[in-house]
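Chemist: In the numbering used here, the protein residues as written are 23 to 370. C-beta: ideal position from N, C-alpha, C; glycine also.
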Amino acid sequence: MADSGMDGLLVIDKPGLGRELPRAAGVDLSTSHDVVQRVRRCSRQRRIGHTGTLDPMASGVLVLCLGVATRLVEYYQGHDKVYTACVTLGATTDTYDALGEIIARRPVSSLKADAVEDVLARFRGEIAQRPPVYSALKQGGESLHRKARRGEDVIVQARPVTVHRLELLSIEAPDRLWLRVACSAGFYVRSLAYDVGEALGVGGHLSYLRREAAGHFSVADAHPLAAVESAAREGNLASLLLAPGVGLDLPRLLLNGEDARRLGLGQRVWLPFDRVSTLRQAQDTAGSTCQLRTPPGFASALVGGVVQAVDDDGHLLGIVRVLEESTESGGGLLCKAEKWLAPQTHSD
Numbered sequence: 023m024a025d026s027g028m029d030g031l032l033v034i035d036k037p038g039l040g041r042e043l044p045r046a047a048g049v050d051l052s053t054s055h056d057v058v059q060r061v062r063r064c065s066r067q068r069r070i071g072h073t074g075t076l077d078p079m080a081s082g083v084l085v086l087c088l089g090v091a092t093r094l095v096e097y098y099q100g101h102d103k104v105y106t107a108c109v110t111l112g113a114t115t116d117t118y119d120a121l122g123e124i125i126a127r128r129p130v131s132s133l134k135a136d137a138v139e140d141v142l143a144r145f146r147g148e149i150a151q152r153p154p155v156y157s158a159l160k161q162g163g164e165s166l167h168r169k170a171r172r173g174e175d176v177i178v179q180a181r182p183v184t185v186h187r188l189e190l191l192s193i194e195a196p197d198r199l200w201l202r203v204a205c206s207a208g209f210y211v212r213s214l215a216y217d218v219g220e221a222l223g224v225g226g227h228l229s230y231l232r233r234e235a236a237g238h239f240s241v242a243d244a245h246p247l248a249a250v251e252s253a254a255r256e257g258n259l260a261s262l263l264l265a266p267g268v269g270l271d272l273p274r275l276l277l278n279g280e281d282a283r284r285l286g287l288g289q290r291v292w293l294p295f296d297r298v299s300t301l302r303q304a305q306d307t308a309g310s311t312c313q314l315r316t317p318p319g320f321a322s323a324l325v326g327g328v329v330q331a332v333d334d335d336g337h338l339l340g341i342v343r344v345l346e347e348s349t350e351s352g353g354g355l356l357c358k359a360e361k362w363l364a365p366q367t368h369s370d
């Protein structure tokens, strides 16, 4: 397959289990890898990567990077997520979700909101969470779910995660809790479902999960997979792409043409403060994005980190690492490109 030349971000609304169809025949339970493969076929773009997996039963935001944007995958990872979830109480499964085998049943008496809220309070803030055994986490170079399916004893250590917000949306009698969760990367809603069920003394599993947001992207930005495939057949797929760099949560450096050219050639470049502006994005009171130039002193906080290099039109040129700061002769930054997207040009 020859590359189509499509470059950019594609925000997919991944299909998954619906609210009222626990395990109906014909439901699309695509894995994140399946989604990548389908987009690869319809776009004729081989270079595609996703920025964070979604379980097969989960629907919602899945951000794909196409073409040159695949160089940015790592910079879109590790962002906070927002989910809507349903926990079905009274039945525990081996995978902690509706796709697993039921391994225990317990009766569920009438659920009181106060009792549920008391339990949820334990899972807010910084907590230690034990991921599911059936997960893509690796141990000894192999995914845990592969070990578990072979019947091996797998010991999973608890990991620190952060729950920024955990809301009880509703109690649906007789046995379902609807929740909204805003959490850090690495948080497993399946584990939350299991832990909440155990804390209530009746067990439970995750029966519905929808990712509402990932980083700066929400379901409002996302396109159903079927719509993406339809757009590709009609030759309109490019209209769904976002420019590489949209939604990157990194400080920005505005470069002139010569500095950009040298960085693109792999050179270390001193960028005097009188030739480069440090930029950050902010939201004005009307909700639109504006650019604020920050004073040179702000740059000291950038040393050792990475920033976006942009041109006068705000187009992303590449990702640059700030190596040093100098205060001599007006001051400046020593930078080197880590991932360069702009075409390399040579001087005459």
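1) Are there 16 or more other CB atoms within 10 angstroms of the CB of S351, so buried, or fewer, so exposed?
2) Looking at the unbroken beta strand (DSSP E) that takes in S192, where does it start and where does it end?
3) Touch check for the region 190–208 and the region 101–113: three-plus C-beta pairs under 8 Å?
4) Between which two residues does the beta strand (DSSP E) containing E360 stretch?
5) Identify, in the order they occur along the chain, each residue of the same chain with its Cβ nearer than 6 Å to the Cβ of G122, setting aside the five sequence neighbours on each side.
6) Does the structure place the region 134–141 close enough to the region 229–246 that three or more beta carbon pairs sit under 8 Å?
7) If you drop the 5 nearest sequence neighbours on each side, which residues of the same chain put their C-beta closer than 8 Å to that of A107?
8) For a test of the three-state rule: what should DSSP assign to G267, helix, strand or coil?
9) Report the three-state DSSP secondary structure of F239 (helix, strand or coil).
10) Are there 16 or more other CB atoms within 10 angstroms of the CB of P129, so buried, or fewer, so exposed?
11) For the 8 Å Cβ check, are there 3 or more pairs between the region 61–73 and the region 218–225?
12) Just the C-alpha distance for Y156 and L76, rounded to the nearest angstrom, thanks.
13) Only counting the same chain, and skipping five residues up and downstream in sequence, which positions put a Cβ closer than 8 Å to that of V57?
14) Alpha carbons only, please: which of R60, Y118 and L32 is nearest the one belonging to G89?
15) Once DSSP output is grouped into helix, strand and coil, what is the label at G257?
16) By how many angstroms is the C-alpha of K361 removed from the C-alpha of Q59?
17) Mark A235 as exposed unless 16 or more other C-beta atoms lie within 10 angstroms of its C-beta, in which case mark it buried.
18) Tell me where the alpha helix (DSSP H) around Y216 begins and ends.
19) Counting only the same chain and skipping the five closest in sequence on each side, list residues whose C-beta sits under 7 Å from that of V95.
20) Whole-angstrom Cβ separation of G225 and A126, contact assumed at under 8 Å?
21) Does the distance between the C-beta of A215 and the nearest non-hydrogen atom of the ligand SAH fall short of 6 Å?
22) Out of V328, D333, G336 and G286, state which residue places its alpha-carbon closest to the alpha-carbon of L345.
23) Give me whichever residues DSSP pairs with C108 in a beta bridge.
24) Quick check on DSSP: helix, strand or coil for V57?
25) Going straight from the alpha carbon of L338 to that of E347, what length do you get?
26) Nearest by alpha-carbon distance to V185: which of V178, L222 and R146 is it?
27) With 16 other CB atoms within 10 Å as the buried threshold, where does G288 fall?
28) Between which two residues does the alpha helix (DSSP H) harbouring E148 extend?
29) Does V325 pass the burial test, meaning 16 or more other C-beta atoms within 10 Å, or should it be called exposed?
30) From which residue to which residue does the beta strand (DSSP E) around R274 run?
31) Any idea what DSSP makes of L262, helix, strand or coil?
32) Would you tell me roughly how many angstroms separate the C-alpha atoms of A364 and G38, rounded to the nearest one?
33) Could you name the residues of the same chain whose beta carbon sits closer than 6 Å to that of V342, not counting the 5 residues immediately before and after it, in chain order?
34) If we define contact as Cβ-Cβ less than 7 Å, is L222 a contact residue for chain B?
35) Going straight from the alpha carbon of R41 to that of D334, what length do you get?
Modeler: So, from the data block:
1) Residue environment analysis places S351 among the exposed positions, since fewer than 16 neighbouring C-beta atoms fall within 10 angstroms of its C-beta.
2) Judged by DSSP secondary structure, S192 falls within the beta strand (DSSP E) whose first and last residues are R181 to E194.
3) Per the Cβ contact rule, the region 190–208 is in contact with the region 101–113 (3 or more Cβ pairs under 8 Å).
4) Residues G354 to W362.
5) Annotation for G122: T115 and D116 place their beta carbon closer than 6 Å to its own, counting only its chain and skipping 5 residues before and after.
6) Taking 8 Å as the limit for Cβ pairs, the verdict is that the region 134–141 does not touch the region 229–246.
7) The answer, listed in chain order, is W200, L201, R202, V203, V211, L214, A215, L228, Y230, L231 and R232.
8) Looking at G267 - three-state DSSP - the assignment turns out to be coil, as it is neither helix nor strand.
9) In the structure shown, F239 sits in a strand (DSSP, three-state: E or B).
10) Counting Cβ neighbours within 10 Å, P129 comes out exposed, since fewer than 16 surround it.
11) Under the Cβ criterion (8 Å, minimum of three pairs), the region 61–73 does not count as touching the region 218–225.
12) Straight-line Cα distance between these residues: approximately 13 Å.
13) Closer than 8 Å at the Cβ level, and outside the excluded window around V57, lie I34, K36, H72, L84, L86 and L247.
14) When C-alpha distances from G89 are compared across R60, Y118 and L32, the shortest belongs to L32.
15) In the three-state DSSP reduction, G257 falls in the coil class, being neither helix nor strand.
16) Distance between the alpha carbons of Q59 and K361 is about 25 Å.
17) So A235 ends up on the buried side.
18) Looking at the DSSP string, the run of the alpha helix (DSSP H) that includes Y216 is V211 to A221.
19) G71, T73 and C87, listed in sequence order.
20) Going by Cβ atoms, the distance from G225 to A126 rounds to 6 Å, so yes, they are a contact pair.
21) No copy of the ligand SAH occurs in the structure displayed, which carries no ligand at all.
22) Cα-wise, what sits closest to L345 is V328.
23) By DSSP's assignment, C108 forms a beta bridge with W200 and Y230.
24) Helix at V57.
25) In a straight line, the C-alpha of L338 is about 22 Å away from that of E347.
26) The shortest Cα separation from V185 among V178, L222 and R146 belongs to R146.
27) Burial call: exposed.
28) No alpha helix (DSSP H) contains E148, which is instead part of the beta strand (DSSP E) from G147 to Q151.
29) Residue burial is scored here from C-beta neighbours: V325 has fewer than 16 other C-beta atoms within 10 angstroms and is therefore classed as exposed.
30) Bounds of the beta strand (DSSP E) holding R274 are R274 to L276.
31) DSSP, reduced to helix, strand and coil, places L262 within a helical segment of the structure shown.
32) The C-alpha of G38 is placed about 37 Å away from the C-alpha of A364.
33) Cβ neighbours of V342 beyond the five flanking positions: V329, A331, C357 and A359.
34) The structure shown has no chain B; it contains just one protein chain.
35) Straight through space, the alpha carbons of D334 and R41 are spaced by roughly 47 Å.
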